[in-house]
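Engineer: Here it is: the structure, laid out below.
Numbering (the numbering used here), first residue to last: 312 to 491.
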């Protein structure tokens with residue numbers, strides 16, 4: 312067998328190995344890109360949580376309803392704890408207050424009118440054991456931010472919703488993932 316024949320034999324021998332490497336790389340890449348459930352020590356110690364309606368201490372009407380509903384929805388999607396309506400039947404109780412709402416002008420349009428606002432929602436929250444009343448976590452300087460435009464683009468409602476979602480994500484992270 313000449314040199315050309317030896318090269319052809321090597322190429323044919325490497326084809327299955329090369330294909331195997333491609334399959335292996337694809338499997339590794341795909342396995343690292345999936346959603347996984349987060350875990351925390353809380354999941355081992357507690358199974359249920361109640362989230363009474365947050366109180367509104369700001370001047371923004373009904374903001375507490377939006378924040379409470381988003382918080383419940385995110386906790387249900389998270390899946391570490393089952394959300395229950397009655398605090399007496401829960402292991403944990405997450406309470407809070409929307410303490411302030413700010414809409415700050417941050418840009419002007421070509422007519423020197425306000426073109427964009429930054430929304431900031433400030434809140435405090437605490438997590439306690441239902442049976443003992445012991446506070447497990449508490450924070451008073453939680454915030455969620457977003458932007459909206461006065462003409463075209465993002466509406467005030469969209470900005471308010473996104474700022475509320477950012478606040479809720481902060482609460483969940485600090486309360487559960489940044490576990491005391």
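By construction, the Cβ of each residue, glycine as well, lies at the ideal position given by its N, Cα and C atoms.
Excluding the 5 residues preceding and the 5 following residue 410 in the sequence, name in chain order all residues of the same chain whose CB lies nearer than 7 Å to its CB.
Structural biologist: 368, 369, 433, 434, 435, listed in sequence order.
Engineer: With burial defined as no fewer than 16 other Cβ atoms inside 10 Å of the residue's Cβ, what is the status of residue 441: buried or exposed?
Structural biologist: Counting Cβ neighbours within 10 Å, residue 441 comes out buried, since at least 16 surround it.
Engineer: Which term fits residue 457, buried or exposed, when burial requires 16 or more other beta carbons within 10 angstroms of its beta carbon?
Structural biologist: Flag for residue 457 reads buried.
Engineer: What residues in its chain sit with their C-beta under 7 Å from that of residue 398, if we drop five residues either side in the sequence?
Structural biologist: Around residue 398: 361, 363, 404, 441.
Engineer: Return yes when the Cβ of residue 391 is within less than 8 Å of the Cβ of residue 487, no when it is not.
Structural biologist: Yes, the pair counts as a contact, with Cβ atoms nearer than the cut-off.
Engineer: Under a three-way DSSP split, which group does residue 392 fall into?
Structural biologist: Three-state DSSP puts residue 392 in coil, outside helix and strand.
Engineer: Do you know whose CA, among 400, 424, 430, lies nearest residue 374's CA?
Structural biologist: Taking only the C-alpha atoms, the option nearest residue 374 is 430.
Engineer: Note down, one range per segment and in chain order, each beta strand (DSSP E) of at least 3 residues found wholly within the stretch 402-474.
Structural biologist: Counting only runs of 3 or more, we get 403-419, 425-440, 446-460.
Engineer: With a floor of 3 residues, list each beta strand (DSSP E) that falls wholly inside the stretch 352-388, ordered by position along the chain.
Structural biologist: Complete beta strand (DSSP E) runs here, min 3: 359-361.
Engineer: Can you look up residue 397 in the DSSP assignment and give me helix, strand or coil?
Structural biologist: Residue 397: coil per DSSP, three-state reduction.
Engineer: Counting C-beta neighbours from all protein chains within 10 Å, is the total for residue 475 16 or more, i.e. buried, or is it exposed?
Structural biologist: Residue 475 is buried by the Cβ-count criterion.
Engineer: Pair every Cβ in the stretch 410-425 with every Cβ in the stretch 456-471, then say whether three or more of these pairs are closer than 8 Å.
Structural biologist: The stretch 410-425, when compared against the stretch 456-471, does touch it at the 8 Å Cβ threshold.
Engineer: Residues in its own chain within less than 8 Å of residue 396 by CB, not counting five upstream and five downstream?
Structural biologist: Correct list, in chain order: 361.
Engineer: Would you tell me roughly how many angstroms separate the C-alpha atoms of residue 407 and residue 366, rounded to the nearest one?
Structural biologist: Spanning the two alpha carbons is a distance of roughly 7 Å.
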